[in-house]
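To keep things clear, I will list the structure first and then write my remarks on it.
Here it is as structure tokens:
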């Protein structure tokens, strides 16, 4: 997922993080009493490149960031702004708030019927999923999305532990996104994740006459301030749900889904059987 539509491997339409970095760079350049024409040669980049970065239309290279910091003697401000921007690069604008909440959550419950949740994806599965959905991303966009998605998975093993519960439809595995070998390695990865002391994974069998999740996928989390919030995502849109009644409804749905889905032990058995059939 990316924050803006690309016009090339490193060109994007303005987004808040790029604009913020551009503003920081521009302010630092003006503090140094340099024009773009004077600044460009000193960092080894064209005036057009500098202008694009300052306008929030281009991702600056690491070399540019380091050189700008050195030339402008910006007291680390430029590098800090770059780190903030890079952390979000490849993340859809509508998902950013939830991703921030996810980073500090005490507990996170996820029901998914479309694909494997991002926190459990392998690199090969993520790549296949990203490249399957039109419009096809550029090479840089795909790498940005994959890198960020895998980086988010650090929350699974950080301490103090966050408690994770995942309920995933069996059909997601039967689809074999990326092919049999990608699916085999994906199942191996999930079985490994399921051994973590803070992670429960449950499969919802394909034949499920009683199913509380027919309204679609959703997530609920407990924040570090012990507030419960929900999240629902559709095509190019995501919504953080704060209304207490709506979040309560999601809690009820998830509680029912946990009863209807296979327990973790039976889930592991089904995953191994699915793997053996590939």
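Numbering (the numbering used here), first residue to last: 47 to 324. Heads up, the beta-carbon is just placed ideally off N, CA and C, and yes, glycines get one too.
Give the single residue among the options whose Cα lies nearest to the Cα of residue i.
| i | options | result |
| --- | --- | --- |
| residue 104 | 128, 64 and 262 | 64 |
| residue 91 | 293, 113, 77 and 163 | 113 |
| residue 253 | 269, 216, 285 and 278 | 216 |
| residue 212 | 220, 221, 202 and 206 | 202 |
| residue 251 | 144, 219, 241 and 280 | 219 |
| residue 259 | 291, 227, 185 and 302 | 302 |
| residue 312 | 157, 284 and 240 | 240 |
| residue 116 | 74, 155, 147 and 154 | 74 |
| residue 86 | 68, 67, 110 and 66 | 110 |
Tell me the DSSP bridge mates of residue i?
| i | result |
| --- | --- |
| residue 277 | 265 and 286 |
| residue 96 | The partner list for residue 96 (beta bridge, DSSP) is empty, contrary to what the question assumes. |
| residue 245 | 210 |
| residue 250 | 215 |
Look up residue i in the DSSP assignment and say whether it is helix, strand or coil.
| i | result |
| --- | --- |
| residue 150 | coil |
| residue 176 | helix |
| residue 227 | helix |
| residue 341 | Outside the displayed range of the chain (47 to 324) lies residue 341, so it cannot be described from this structure. |
For residue i and residue j, I'd like the C-alpha separation in whole angstroms.
| i | j | result |
| --- | --- | --- |
| residue 150 | residue 247 | 21 Å |
| residue 204 | residue 82 | 43 Å |
| residue 198 | residue 100 | 28 Å |
| residue 287 | residue 168 | 28 Å |
| residue 208 | residue 232 | 22 Å |
| residue 266 | residue 276 | 4 Å |
| residue 108 | residue 129 | 10 Å |
Kindly indicate if chain C contains any beta-carbon less than 7 Å away from that of residue i.
| i | result |
| --- | --- |
| residue 181 | The displayed structure is made up of one protein chain only, and chain C is not part of it. |
How close, in whole Å, do the beta carbons of residue i and residue j come, if the pair is a contact with beta carbons under 8 Å?
| i | j | result |
| --- | --- | --- |
| residue 285 | residue 278 | 5 Å |
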